[in-house]
Structures are given as structure tokens and as C-alpha cells.
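Participant: The structure is given below, and queries will be raised subsequently.
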Amino acid sequence: MFSFILRRVAGFIPVLFVIVSLSFFVMRLAPGGPFDQDRALPEQVRANIEARYHLDEPLWTQYFRYLGDVTRGDLGPSFRYPDRSVNELLGLGFPVSLLLGSCAMTVALLAGGTAGLLAGVRRNSLVDYLTMSLALGGVSVPNFVLGPILMLIFALGLGWLPVAGWGTWRHLILPSLTLGAFYAAYVARLMRAGMLEVIGQDFIRTARAKGLREAAVVLRHALPSAILPVVTYLGPASAAVLTGSVVIETIFSIPGIGRYFVGAALNRDYTLVLGTVVSYSVLLLSLNLAVDVLYAWLDPRVQIR
Amino acid sequence: MRREWCGILVAALLLALAPVGVCAQEQVFRINNTAEPESLDPGIVTGVPEHRILSNLFEGLTTTDPKDLSPRPGMAASWTLSRDGLVYTFALRDARWTDGKPVTAHDFLYAWERVLNPKTGAKYAQQLYYLKNGEEYNKGRLTDFTQVGVKALDAKSLRVTLRCPTAYFLDLTSFFTLYPVPRWAIEAHGKDWVKTGKIVSNGPFRLVSWVPQKELVLEKNPQHWDAATVKLQKVVFLPTDDINTAYKQFLAGDSDWLPTVPAAQIESARSRPEHYVSPYLGTYYFRFNVTKAPVSDVRVRKALSLAVDRELLTKFVTKSGEIPYASFVPGGLRGYEGGMGSGFDAVVAKKLLAEAGYPDGKGFPRVELLYNTSDLHRVITQAVQQMWKEQLGIHVDLVNLEWKVYLARQGSLDYQIARAGWIGDYVDPNTFLDLWVTGGGNNQTAWSSKRYDDLIGQAACKLVNAKDRMRALQVAERLLLEEAPILPLFTYVNKGMLSRRVKGWYPNILDLHPLKFISLER
Numbered sequence: 001m002f003s004f005i006l007r008r009v010a011g012f013i014p015v016l017f018v019i020v021s022l023s024f025f026v027m028r029l030a031p032g033g034p035f036d037q038d039r040a041l042p043e044q045v046r047a048n049i050e051a052r053y054h055l056d057e058p059l060w061t062q063y064f065r066y067l068g069d070v071t072r073g074d075l076g077p078s079f080r081y082p083d084r085s086v087n088e089l090l091g092l093g094f095p096v097s098l099l100l101g102s103c104a105m106t107v108a109l110l111a112g113g114t115a116g117l118l119a120g121v122r123r124n125s126l127v128d129y130l131t132m133s134l135a136l137g138g139v140s141v142p143n144f145v146l147g148p149i150l151m152l153i154f155a156l157g158l159g160w161l162p163v164a165g166w167g168t169w170r171h172l173i174l175p176s177l178t179l180g181a182f183y184a185a186y187v188a189r190l191m192r193a194g195m196l197e198v199i200g201q202d203f204i205r206t207a208r209a210k211g212l213r214e215a216a217v218v219l220r221h222a223l224p225s226a227i228l229p230v231v232t233y234l235g236p237a238s239a240a241v242l243t244g245s246v247v248i249e250t251i252f253s254i255p256g257i258g259r260y261f262v263g264a265a266l267n268r269d270y271t272l273v274l275g276t277v278v279s280y281s282v283l284l285l286s287l288n289l290a291v292d293v294l295y296a297w298l299d300p301r302v303q304i305r
Numbered sequence: 001m002r003r004e005w006c007g008i009l010v011a012a013l014l015l016a017l018a019p020v021g022v023c024a025q026e027q028v029f030r031i032n033n034t035a036e037p038e039s040l041d042p043g044i045v046t047g048v049p050e051h052r053i054l055s056n057l058f059e060g061l062t063t064t065d066p067k068d069l070s071p072r073p074g075m076a077a078s079w080t081l082s083r084d085g086l087v088y089t090f091a092l093r094d095a096r097w098t099d100g101k102p103v104t105a106h107d108f109l110y111a112w113e114r115v116l117n118p119k120t121g122a123k124y125a126q127q128l129y130y131l132k133n134g135e136e137y138n139k140g141r142l143t144d145f146t147q148v149g150v151k152a153l154d155a156k157s158l159r160v161t162l163r164c165p166t167a168y169f170l171d172l173t174s175f176f177t178l179y180p181v182p183r184w185a186i187e188a189h190g191k192d193w194v195k196t197g198k199i200v201s202n203g204p205f206r207l208v209s210w211v212p213q214k215e216l217v218l219e220k221n222p223q224h225w226d227a228a229t230v231k232l233q234k235v236v237f238l239p240t241d242d243i244n245t246a247y248k249q250f251l252a253g254d255s256d257w258l259p260t261v262p263a264a265q266i267e268s269a270r271s272r273p274e275h276y277v278s279p280y281l282g283t284y285y286f287r288f289n290v291t292k293a294p295v296s297d298v299r300v301r302k303a304l305s306l307a308v309d310r311e312l313l314t315k316f317v318t319k320s321g322e323i324p325y326a327s328f329v330p331g332g333l334r335g336y337e338g339g340m341g342s343g344f345d346a347v348v349a350k351k352l353l354a355e356a357g358y359p360d361g362k363g364f365p366r367v368e369l370l371y372n373t374s375d376l377h378r379v380i381t382q383a384v385q386q387m388w389k390e391q392l393g394i395h396v397d398l399v400n401l402e403w404k405v406y407l408a409r410q411g412s413l414d415y416q417i418a419r420a421g422w423i424g425d426y427v428d429p430n431t432f433l434d435l436w437v438t439g440g441g442n443n444q445t446a447w448s449s450k451r452y453d454d455l456i457g458q459a460a461c462k463l464v465n466a467k468d469r470m471r472a473l474q475v476a477e478r479l480l481l482e483e484a485p486i487l488p489l490f491t492y493v494n495k496g497m498l499s500r501r502v503k504g505w506y507p508n509i510l511d512l513h514p515l516k517f518i519s520l521e522r
């Protein structure tokens, strides 16, 4: 098990190398540079600023310099925010994005999982129809529509929660709901399907025949197998939640790395863009690994070698 | 029995007074600053969101009157100007930095050298090109700073020698690029000197905390020389850049001032008492690339300009009270008579287009009009496109570009027509007209006129008499509009939302609102 994880982590390195290299050059293909602004800079001033950030060097030299810095864990200075390094900005934004993502995932798993479970157990009942229509809505409404609607109802209309911002648990609720809604809906459908498949199988009938209570049958015997499709979906879902928070962070004015990702790309803040791409990549790779390990633990048929 | 009553009475009194006490001390002003400040270093920054913070955190030689924007004493208690209009001598008041050190003439000398030093790479170094040899030092043609026109005569007097008499120099000394900075803090902390706990400043407010993309908090600086004027205890700057969210935050009472309104919400905003509109020192216009046919022909350019009904545009498209305007220098500048551009005239427009070889628009080549991504620019360019089609029978393609691409294409003259806007830096026509001199970095039309350059040059340096100077500038603008490398559309307005409990906030053409005069009513 340990050597499996170690091998996978070692495999991250070439993947990251390709990601960094591709992003580096693609970013440079975009027209305009970090110091283009609506008020033109005098030539000399521009040249001095570019020299400070080594932008006057040939692209290859810059590339190798960047690779060297990244291996040492230094993501460079931000061009847009000259007082701060990319490490500092990401260090501030990462915990925020992670907290938001985890809350959204919790919403998705708790709400979606419970709804799917009930719908699966009570197939073709009112509960089933109700949750599945809600899920259909959740899948179809994009988060940039849902967010402002929730804001209008709960912040402006009822005044229960703040419109946007960050700092207290009350700031977390609306963005987590908005971000988690789609995944909750998806999880509900997966959970229901998984439940339906398992509930008719022999070992469930055996469990029932032993005279177990229905709750025990469902939770202890059916659930571990029924939840497998959901677990498989966890990896891509966590990835999508984290990258999807880009939109949510902008709408709700949340100081996570998603805000930097969009802003930096628009500002041609090369180092900050690369920094966010690298962080996202590391996160996604680790999440995929975590899911593989979790899968093996839940399903005895899967073996890790 | 009686004692019990007494206790209840006291408790009731306390309860009744408690909210009054709390409200009276809660002078917290919340501003939606619409963007995260790039830096707090006065020598480095260039933007409006930074200006809103820095103009309260630091203080220059002069400050700005909140109503008419005229210069008031700041760090300088008084000043004298030599008869030739070239030498200012500032007498500094006894003021202190937040760490207790006195503010001296050497702090200004250090700050100005830092901005002009080519190694600093200050983007707004041009603000000090008014000093004698300032430009030469910044461009590396001169390395001896003692030859630049600024000297500390002693700790409390600063002598400034200008290149040319500059009517608006005292406006510039209240601008952030010319603020003093604390040498010892910069040398001790490097670029970290602007962060919480390290920053040393000299303004009416001081920094409490700064969390990127979350909030920045200032509090009253009790050591400031004019602390008696300051009523606000605390100011919070929110960096919400999604303006639809910012608008909702204002409606929910989370902010007291939102200096903009989302285009889609204009109608709803206008029905609210908190909404305000006032003229702004800025012009919305189109640029022509005079090297590219067909707009290389002045007749075509003028025809396009005359075919635009600006009244219609501001009334039904922009809808926020913008002032239709066919000249470049906005109206209302003291001593300047502008507004000489010709408005809508479809007949003359058609005639000019026919003379240029395109009667009724026949044979008019493919022309592109560039605009950067924004709802407002989209609807404006669409409206103008429609007007040109109706009045002249020509079709223009609209090209939507992302901001940096749009800048790059304008800068490299890779366009025919492009939308643009210019906001004045100071209250003088020169900030609009010196754009168009030959080779100017912001010209970007390739238009060039020897006579125009001469007029601007004379106004900048030779004409000391204010009337003569304004007259030269007027002649220059008339020439500019005659040759029409640009197509002015309207004067911008400040539009935003201001809580009704805010007092001491006055509309003005630079949209500057010094916080030291602002207070909140209960």
C-alpha cells in the first residue's frame, strides 16, 4: 500500500513538468503583457520594469529560470501585486478555497446522499419523485444563476445572511449551497441508482430473511455497495468543486485562489497564473490518488499492487 | 419597595441610553472599492482604487478641497512662488509620521528621487517631469540627482524648481506619486514596508489590517496635525470586483458608498434616493488610425463623426445622465471655452462621404470597430453602428476584444476604429490636449501636426499669462477637431450609490472625496 502511494506520487513529477511547460508557453502566446495598461508607459520605465522581472531575457532563459525556481518551491513575484509573492497570495487563498470546497462537498454528500438513499429505498413513491425532480433542477440550473437568486432571497429579501464577503460561518452558507447544489443533485441520482441495483440482490434478501431491521439492512448491508458509484465520482467531483469555485468566489467576493486564477489570466500576471495552475494540478492529482485508495478500502474486490 | 423601583428605573435609563452611546461612537464608513489595491506604495501605484486608500493614508505638500478641488495646505503650511513662476518654496508644518518621527523636507526629497530613479520603475514617473531635469533623470540621461529641481534647504523647507511655469503644480502635489515616504521603513523592510504592522504613514488615517481580496481597514490617526477635523473612527474598503454583487451589498446595507452602478441596474438605481450622478472629468470617444484606409481620409472621419446623434445615444443607450459632447476637453474647466465640436448633421455627413468617393456608402470598404469586453461598450458601439448604417448606408463590423488584446492592438496601430476613454489627471485642459502631440505614448492614432505640437509646447512653457495660454490651447483643440483623428461622444458622469447618512461628501469632477471631511449621521 505504502509503496503504491509512493510510486503514484513519483508519477506526479513528469505530469507536473508537462503542465508547467505547456502553461508557461501558452500564457506567453496570449497577446499583450503584464505591463500593458490604458496609459502608455515611457519606453525607459517599461524597459526597467521588464528587466526587474527578467522579461527582457529570451523566452528559453525565462523558462529554465522559472523551472529552477519552481523546483525550489518559489513561484516568483506577482506582477500585478508587486508587494506580494505568488507563494504568499496562494498561501492566503488556498485555505479559503479548501474550506469552501469541503463545505460544498459536505453539502453534496449529505443532502445528495440522503435524498438518493431515500429515493432508492422507496422507489416510485412521492419521496422518490420529489427528490428526483429537485435533482433535475439542481443539475440544470448553472451556479452563476443560482448564486444571485439565493442572494436575492436569503440576503436581500429575508436578511438572514450576508450578501457576500468572508470571515464568519454565516458567509459560508450561501456559497457552499450554490457550489454544492449541482453535485448534490448528481450524487442523489448516483446514490439512487446504486441503491436500486443492490437492493434486489441475494445477500440483501438473506439479510432480510435473518430478520434484521430494515434500517440495518439498508445502512449496514446495502449502503457500502450502493455507495461505490458515488465514491468513484468523488475524485472528479472534488476536482470540479475546487475549480468550479472560481465562479462562486467571484460572485460571492471570497478571497480564495479562484479569484486570482481569473484575475491573473486577464492581467497577464504570468507567475500568478502558473502558480494557481500548479496548485490546482497538485490538488487534483492528490485527490485522484485519495479516491483510488479509498476505493480499495471500500471494495474488497479491488486490490492495490 | 422604593429601593427596588429605583433599581428598575436606573436599569431602564441605562437601557435607553445604551444604544445612543453605541451609535455615537460607531463612525465606521464602508466603501466598496471595486478592486483589490495592487499595492499601497505611493510611488508605485497608478489606479483609482489605490488612490481612494492612499489619499487618506498619506498626505502630500498640499491637500484637496472636498468641494472645488482647489489646493489647500497639507504637509506644507505655506508656500511662495517666484515671480517667473518657476520656483516654489514650501514651508513644512510640524507633522509626524505614525512612528513619531517628524516629517521633513528630506522625506520628500527621498520619495521624489525614488519615483524618478529609473531603477524603481515607477509607472507614474511622468508626474514629476514638471521638475527641472526630472525627465532627464528618469530616462537615464542624467545621473546626478542634485541637478534635478528639488532641494531640502533645511529640515522644514523644500525648494522646487520647475522646468516651465506650471499652473496646476499645486494640484499635482496633492497627488499620491508626490507623497513623502519613510526612508527608514523602506530600507528596513524592502517591499514588505506597506504591510500591516510595518507601514509608516503620515495621513489622517492609518492602516489597521489588509487581507487581500477580503478587506482593508483604516482607522483615525490621532497623531495627525488635523485630527480634530477627522470624524470617522474607522474606514473599511471592500474589494468586491463583481459589481452586481457590490450593488446587492449596498442595497443590503453592507456598504455606505458604491462608486459605480451595474449597467443592467441603471433604471432601478435611478429610482432610489441614494443614487447620485454628477459630471466627471472624462471623455468617451473613438480613435481613428489615420494610416489605414478609409479612415485615413479626413472627410470620412468627419462624416462618421457628423452622422452620430449623440443626444440619442446618451438618452436611450447610456441612460445615466452622460452629457452628449462633440469636443474632447470636457466643459466646465475654469478659463477654458471648449465645446467647439459640431454635433449631428446627416446632410453634411452624406456630402463629405460622397466627396471622399463613397456616395450613399457605395463601395465603402470593410471597416472594423474595436471595443473591449463590457456591456456598456457593446451597446454603445452597436448603437453607433446602427446610426452609420441609417445615415450613411455603410456597414461597420464590431470586434469585441479582451482588455489586454485590445490594448495591444491599439498600441501597435493594428486597427481602424477603436473605442476609448480618457480621464483627466488634474483640472486643466492640458491633461486632455497633450495626448495628441506627435509620438505621444497615448496618441495611438498616428496623427501628427507640427502646428498642434507648437501650440501645446507654447502653452506648456512659453505663455505665462493664463489667458494667452488658454487661448493657445483652444486653438489647438479646434485644430484637433478639424482634423478629427478622434470622434468624441460624451462626457462621462460619476454615478454611484451613497448612503443617506453620509455627510461631508461633495460631488466633484475628479470624484475625489477626502475621508477627513466625511461623517455619518445616525
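For the record, the sequence lines run as chains A and B. Note that this note's numbering gives residue 210 to position 210 of the first sequence, counting from 1, and the numbers run on in steps of one. Note that this note's numbering gives residue 39 to position 39 of the second sequence, counting from 1, and the numbers run on in steps of one. Glycine is no exception: its CB is placed at the ideal position from the N, C-alpha and C atoms.
(1) Using the beta-carbon of each residue, which ones in chain C are nearer than 9 Å to A/S253?
(2) Does DSSP put B/V236 in a helix, in a strand, or in coil?
(3) Taking the alpha-carbon positions, what's the A/V268 to B/V181 distance?
(4) Which residues mark the beginning and the end of the alpha helix (DSSP H) in which A/R65 is found?
(5) For B/N221, which residues of its own chain have a beta-carbon under 7 Å away from its beta-carbon, when the five flanking residues on both sides are left out?
(6) Give me the subset of the segment 415 to 432 of chain B whose CB atoms are less than 7 Å from a CB atom of chain A, sorted by chain position.
(7) May I ask which residues mark the beginning and end of the alpha helix (DSSP H) holding A/T271?
(8) Starting from the Cα of B/D434, find the closest Cα among B/P49, B/Q474, B/A408, B/W403 and give me that residue.
(9) From the DSSP output, in three-state form, read off B/Y130 for me.
(10) Measuring only between beta-carbons, confirm whether B/L172 sits less than 8 Å from chain A.
(11) Chain B beta carbons: is any one of them nearer than 8 Å to that of A/W169?
(12) Which value, in whole angstroms, describes the spacing of the CA atoms of B/L352 and B/A293?
(13) Show which residues of chain B have a CB atom less than 7 Å away from the CB atom of A/I49.
(14) Any idea which residues DSSP pairs B/R323 with across the strands?
(15) Cβ of B/K191 less than 8 Å from any chain A Cβ?
(16) Could you tell me the boundaries of the beta strand (DSSP E) in which B/A418 lies?
(17) Decide if B/N465 is buried, meaning its Cβ has at least 16 other Cβ atoms within 10 Å, or exposed.
(18) Taking the alpha carbon of A/T250 as the point to measure from, which residue in A/W297, A/M132, A/P148, A/V70 has its own alpha carbon closest?
(19) Does the count of Cβ pairs from the segment 494 to 506 of chain B and the segment 257 to 265 of chain B closer than 8 Å reach three?
(20) Taking the alpha carbon of A/F203 as the reference point, which residue from A/L100, A/R80, A/A222, A/I19 has its own alpha carbon closest?
(21) What's the gap between the Cα of B/Y567 and the Cα of B/V427?
(22) Ordered along the chain, which non-local residues of its own chain (more than five positions away) have a Cβ less than 7 Å from that of B/A446?
(23) For chain A, check one thing: does any of its Cβ atoms lie closer than 8 Å to the Cβ of B/N33?
(24) Measure the CB-CB distance between B/S174 and B/G60 and report whether it falls below 8 Å.
(25) Taking the C-alpha atoms as reference points, what is the distance between B/S209 and A/R259?
(26) Could one say the Cβ of B/S391 lies closer than 8 Å to chain A's Cβ atoms, at least one of them?
(27) Hey, B/Y284 and B/F490 are a contact pair by Cβ (cut 8 Å); roughly how many whole angstroms apart?
(28) Return the residues of the segment 53 to 79 of chain A that lie within a Cβ-Cβ distance of less than 7 Å from chain B, sorted by chain order.
(29) If we define contact as Cβ-Cβ less than 8 Å, is B/W403 a contact residue for chain A?
(30) Under 8 Å Cβ to Cβ from B/W403, same chain only, skipping five residues before and after it: list those, please.
(31) Under 8 Å Cβ-Cβ, which residues of chain A neighbour B/N138?
(32) What separation, rounded to the nearest whole angstrom, lies between the Cα atoms of B/V148 and B/A188?
(33) Count the other CB atoms within 10 Å of the CB of A/Y270; is the residue buried (16 or more) or exposed (fewer)?
(34) Out of B/S342, B/D254, B/V298, B/V379, state which residue places its alpha-carbon closest to the alpha-carbon of B/T314.
(35) Return the bridge partner residues of B/Y525 from the DSSP annotation.
(36) Could you name the residues of the same chain whose beta carbon sits closer than 8 Å to that of A/L136, not counting the 5 residues immediately before and after it, in chain order?
Facilitator: Judging by the given coordinates:
(1) Absent from the structure is chain C; the protein chains it does hold are A and B.
(2) Here residue 236 of chain B is taken as the residue at index 236 of the second sequence, counted from 1. Note: B/V236 maps to strand in three-state DSSP.
(3) Position 268 of the first sequence, counting from 1, holds the residue named residue 268 of chain A. Position 181 of the second sequence, counting from 1, holds the residue named residue 181 of chain B. Note that residue 268 of chain A is Arg in the sequence shown, not Val. A/R268 and B/V181: Cα-Cα distance of roughly 29 Å.
(4) The residue labelled residue 65 of chain A in the question sits at position 65 within the first sequence. Run containing A/R65: 59 to 71, per the alpha helix (DSSP H) assignment.
(5) Numbered from 1 along the second sequence, position 221 holds the residue referred to as residue 221 of chain B. So the list reads T98, G203, P204, F205, R206, A227, once near-sequence residues are dropped.
(6) none
(7) Within the first sequence, numbered from 1, the residue matching residue 271 of chain A stands at position 271. Element bounds for A/T271: 270 to 298.
(8) For the purposes of this step, residue 434 of chain B is identified with residue 434 of the second sequence, where counting begins at 1. Of the listed residues, the one whose Cα sits closest to B/D434 is B/Q474.
(9) Counted from its first residue, the second sequence places residue 130 of chain B at position 130. B/Y130 falls in the coil class under three-state DSSP.
(10) One-based indexing of the second sequence puts residue 172 of chain B at position 172. Closer than 8 Å: no.
(11) The residue given as residue 169 of chain A occupies position 169 in the first sequence. Answer no: the Cβ-Cβ gap between A/W169 and chain B never drops below 8 Å.
(12) Sequence index remark: in the second sequence, residue 352 of chain B carries index 352 (1-based). Sequence index remark: in the second sequence, residue 293 of chain B carries index 293 (1-based). If you take the alpha carbons of B/L352 and B/A293, they lie about 15 Å apart.
(13) Start at 1 with the first residue of the first sequence, and residue 49 of chain A comes out as number 49. Ordered by position in chain B, the residues that pass the 7 Å Cβ test against A/I49 are G121.
(14) Counted from its first residue, the second sequence places residue 323 of chain B at position 323. Here the sequence assigns Ile to residue 323 of chain B, which means Arg is not the residue at that position. Answer by DSSP bridge pairing, in chain order: B/T491.
(15) Within the second sequence, the letter at position 191 stands for residue 191 of chain B. With 8 Å as the cut-off, B/K191 counts as an interface residue toward chain A.
(16) Position 418 of the second sequence, counted from the first residue, corresponds to residue 418 of chain B. Taken as a continuous stretch (DSSP letters only), the beta strand (DSSP E) holding B/A418 covers 417 to 423.
(17) What you label residue 465 of chain B is simply residue 465 of the second sequence in a count that begins at 1. That one is exposed.
(18) In the first sequence, residue 250 of chain A corresponds to position 250, counting from 1. Among A/W297, A/M132, A/P148, A/V70, the Cα nearest to that of A/T250 belongs to A/P148.
(19) yes
(20) For the purposes of this step, residue 203 of chain A is identified with residue 203 of the first sequence, where counting begins at 1. Here the closest residue by C-alpha is A/A222.
(21) Since the displayed chain B opens at 1 and closes at 522, residue 567 of chain B lies outside it and no answer follows.
(22) Here residue 446 of chain B refers to the residue found at position 446 when the second sequence is read from its first residue. Same-chain partners within the cutoff: N289, V290, T291, L413.
(23) The residue given as residue 33 of chain B occupies position 33 in the second sequence. Cβ-Cβ to chain A under 8 Å: no for B/N33.
(24) Residue mapping note: residue 174 of chain B aligns to position 174 of the second sequence, counting from 1. Residue mapping note: residue 60 of chain B aligns to position 60 of the second sequence, counting from 1. Yes, Cβ-Cβ distance for B/S174 and B/G60 is below 8 Å.
(25) What you label residue 209 of chain B is simply residue 209 of the second sequence in a count that begins at 1. What you label residue 259 of chain A is simply residue 259 of the first sequence in a count that begins at 1. The alpha-carbon atoms of B/S209 and A/R259 are separated by roughly 20 Å.
(26) Position 391 of the second sequence holds residue 391 of chain B. In the sequence as presented, Ser is not what sits at residue 391 of chain B; that position holds Gln. Judged by the 8 Å Cβ criterion, B/Q391 is not in contact with chain A.
(27) For this step, residue 284 of chain B is matched to residue 284 along the second sequence. For this step, residue 490 of chain B is matched to residue 490 along the second sequence. So it is a contact: roughly 5 Å between Cβ atoms.
(28) none
(29) Within the second sequence, residue 403 of chain B is the residue found at index 403, counting from 1. It does: the Cβ of B/W403 has a partner Cβ on chain A nearer than 8 Å.
(30) Start at 1 with the first residue of the second sequence, and residue 403 of chain B comes out as number 403. Correct list, in chain order: N372, T373.
(31) As a working note, residue 138 of chain B is residue 138 in the second sequence. The answer, in chain order, is P42, Q44, V45.
(32) Counting from 1 along the second sequence, the entry for residue 148 of chain B is found at position 148. Counting from 1 along the second sequence, the entry for residue 188 of chain B is found at position 188. Taking the straight line from one Cα to the other gives about 26 Å.
(33) Numbered from its first residue, the first sequence carries residue 270 of chain A at position 270. The residue in question, A/Y270, is buried, as its Cβ has 16 or more Cβ neighbours within 10 Å.
(34) Along the second sequence, read from residue 1 onward, the residue named residue 314 of chain B stands at position 314. Taking only the C-alpha atoms, the option nearest B/T314 is B/V379.
(35) Outside the modelled stretch of chain B, which goes from 1 to 522, sits residue 525 of chain B, for which no answer is possible.
(36) For the purposes of this step, residue 136 of chain A is taken as residue 136 along the first sequence, with counting starting at 1. These residues qualify, in order along the chain: A185.
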